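Asks: Would you mind keeping the following structure in view while I ask a few things?
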Amino acid sequence: MSRLPLQAGNWKMNLDHLEAIQLVQRLGYHLDDTDYDRTEVVVCPAFTALRSVQTLIEGDRLRIGLGAQDCHWEESGSFTGAVSPGMLAKLDVSYVVCGHSERRRLFGETDDVVNRKVRAVLAHGMTPILCVGESEEQRDQGRTESVVVGQVEACLDGVEDRQVAGMVIAYEPVWAIGTGRTAEPGEAGATCGVVRAAVAERRGTDAAEALRVQYGGSVKPGNIEALMRQADIDGTLVGGASLDPDDFAVICRWHRL
Ligand code: PGA
């Protein structure tokens, strides 16, 4: 089965709504239909920029998808500071990053919390980008596979197999995020393969073959080609390099390299 690669830019806590618009305009300028036919392109701005970016994408008919970096799992209520999945769906958000390692590490999100978010996002017709990945310590202890498989299992609890098939799982080794240290492409591809095999075993081969598995962690123009050559890597989740429209465009046009 051929899976359409997904290159997603996670802007994190960067770019106000005016800067966000400029970036998307420049990105749109670099990409044409032949690129979009080969790769799905998504940007994940901060909440404050979602509406502006949505309006631009719609107005200019850009084939760039909109993603959010997080959301709460409840529909509404007394959750000061939180944003609900319904609010995001209303803004034509198609993807929501769930369980990014920064959310887990800095905001105390557990697998259980991430699981609730994944299910809430699916319930609103959006696609979760579920992030999993081992810390440096876990890696040094040789626990990469068990950590990653454990996260996949826990975070997909109660999700139907056919929903898993439509999801995205991003394998992001924590030690490679924002550090400039990328996992060696073969190693990254192998761990993405472990994710797919874990899904195959638990959810069947149909779900595993349809599921898109991304790699994330210091992805840049210089390493995108080698990463995309890995059979089990169906795209990347890009932090730092997605803040530069020229660099992110190269990542989205990887097939031209
Ligand atoms: P990075 O971030 O590309 O800056 O390493 C990746 C991520 O956190 O998704």
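Using our numbering, read the sequence shown as starting at 853 and increasing by one per residue.
Glycine included, every Cβ here is placed at the ideal spot set by N, Cα and C.
All of these numbers come straight from a predicted model, not from anything done at the bench.
Mind checking whether the beta-carbon of G1091 lies closer than 6 Å to any heavy atom of the ligand PGA?
Replies: Within the sequence shown, numbered from 1, the residue matching residue 1091 stands at position 239. Checking the Cβ of G1091 against the ligand PGA gives yes.
Asks: Pop quiz: M1019 and T979 are said to be a contact at Cβ under 8 Å. What is the actual Cβ separation, rounded to whole angstroms?
Replies: Position 167 of the sequence shown, counted from the first residue, corresponds to residue 1019. Position 127 of the sequence shown, counted from the first residue, corresponds to residue 979. Yes, M1019 and T979 are in contact; Cβ-Cβ is about 6 Å, under 8 Å.
Asks: Looking only at its chain, what residues have a beta carbon closer than 6 Å to the beta carbon of A901, apart from the 5 residues adjacent to it on each side?
Replies: Along the sequence shown, read from residue 1 onward, the residue named residue 901 stands at position 49. Excluding sequence neighbours, A901 sits near H869, A872.
Asks: Considering just the uninterrupted stretch of the alpha helix (DSSP H) at V973, what are its terminal residues?
Replies: Mapped onto the sequence shown, residue 973 falls at position 121. That run of the alpha helix (DSSP H) goes 963-975.
Asks: Hey, how far is the Cα of P897 from the Cα of R1054?
Replies: Taking the sequence shown and counting its residues from 1, the one referred to as residue 897 is at position 45. Taking the sequence shown and counting its residues from 1, the one referred to as residue 1054 is at position 202. Rounded to the nearest angstrom, the two C-alpha atoms are 33 Å apart.
Asks: Look up A1022 in the DSSP assignment and give the residues it is bridged to.
Replies: In the sequence shown, counting from the first residue as 1, residue 1022 sits at position 170. DSSP lists C983, Q1066 as partners of A1022.
Asks: Taking 6 Å as the cut-off, is the beta-carbon of N1075 closer than that to any non-hydrogen atom of the ligand PGA?
Replies: What you label residue 1075 is simply residue 223 of the sequence shown in a count that begins at 1. N1075 Cβ: outside cutoff for every heavy atom of the ligand PGA.
Asks: Using a 10 Å radius around the Cβ and a threshold of 16 neighbouring Cβ atoms, would you call D1099 buried or exposed?
Replies: Residue 1099 sits at position 247 when you count from the first residue of the sequence shown. Buried.
Asks: Skipping 5 residues on each side, what residues in its chain have a beta carbon closer than 8 Å to that of L914?
Replies: Looking up residue 914 in the sequence shown gives position 62. The answer, listed in chain order, is V876, G880, L908.
Asks: Helix, strand or coil for E871, going by three-state DSSP, please let me know.
Replies: Here residue 871 refers to the residue found at position 19 of the sequence shown. Three-state result, E871: helix.
Asks: Given a cut-off of 7 Å, decide if A1062 and A1022 are closer than it, judged by their beta-carbon atoms.
Replies: Reading the sequence shown from its first residue, position 170 is the one you call residue 1022. Reading the sequence shown from its first residue, position 210 is the one you call residue 1062. Not in contact: A1022 and A1062 (Cβ atoms no closer than 7 Å).
Asks: How many angstroms separate the CA atom of F899 from the CA atom of K864?
Replies: Position 47 of the sequence shown, counted from the start, is the residue given in the question as residue 899. Position 12 of the sequence shown, counted from the start, is the residue given in the question as residue 864. Cα-Cα distance, rounded: 10 Å.
Asks: Where in the segment 903-974 do unbroken runs of the beta strand (DSSP E), each at least 3 residues long, occur, reported from the N-terminal end onward?
Replies: With a minimum length of 3 residues, the continuous beta strand (DSSP E) runs that stay inside the segment 903-974 are 916-920, 947-950.
Asks: Would DSSP call A1035 helix, strand or coil?
Replies: The residue given as residue 1035 occupies position 183 in the sequence shown. In the structure shown, A1035 sits in coil (DSSP, three-state: anything other than H, G, I, E or B).
Asks: What residue range does the beta strand (DSSP E) around V895 cover?
Replies: On the sequence shown, residue 895 is found 43 positions in, with the first residue counted as 1. Unbroken beta strand (DSSP E) run through V895: 892-896.
Asks: Per DSSP, what are the beta-bridge partners of Q859 in this structure?
Replies: As a working mapping, residue 859 is identified with position 7 in the sequence shown. Looking at the DSSP assignment, Q859 forms a beta bridge with V893, T1088.
Asks: Please check if any C-beta of chain D sits within less than 7 Å of the C-beta of Q1082.
Replies: Of the protein chains in this structure there is only one, and it is not chain D.
Asks: What residue range does the alpha helix (DSSP H) around A999 cover?
Replies: Your numbering for residue 999 matches position 147 in the sequence shown. For clarity, residue 999 is Val in the given sequence; the question names Ala instead. From DSSP, the alpha helix (DSSP H) with V999 extends over 996-1007.
Asks: Assuming the contact rule is C-beta atoms closer than 8 Å, L1130 and Q1015 should be a hit. Round their C-beta distance to whole Å, please.
Replies: With the chain covering only 853 through 1109, there is no way to say anything about residue 1130.
Asks: For I1029, verify whether its CB is less than 6 Å away from any heavy atom of the ligand PGA.
Replies: Here the question's residue 1029 lines up with position 177 in the sequence shown. Yes, since a heavy atom of the ligand PGA falls inside the 6 Å radius drawn around the Cβ of I1029.
Asks: Does the segment 1027-1043 come into contact with the segment 1079-1087, if we say contact requires no fewer than three beta-carbon pairs (one atom in each stretch) closer than 8 Å?
Replies: Segments in contact, yes.
Asks: To the nearest angstrom, report how far apart C1007 and G1032 are at their CA atoms.
Replies: Within the sequence shown, numbered from 1, the residue matching residue 1007 stands at position 155. Within the sequence shown, numbered from 1, the residue matching residue 1032 stands at position 180. In a straight line, the C-alpha of C1007 is about 28 Å away from that of G1032.
Asks: Looking only at C-alpha atoms, which of R890, Q1066, C923, G1074 sits nearest to N967?
Replies: Within the sequence shown, numbered from 1, the residue matching residue 967 stands at position 115. It is C923 whose Cα lies nearest to the Cα of N967.
Asks: Could you give the first and the last residue of the continuous alpha helix (DSSP H) run that contains Q1015?
Replies: Locating residue 1015 in the sequence shown gives position 163, where the first residue counts as 1. Here the alpha helix (DSSP H) through Q1015 covers 1013-1017.
Asks: Taking only three categories from DSSP, how would you classify M1080?
Replies: Residue numbering aside, residue 1080 sits at position 228 when the sequence shown is read from its first letter. Of the three classes helix, strand and coil, the one that applies to M1080 here is helix, per DSSP.
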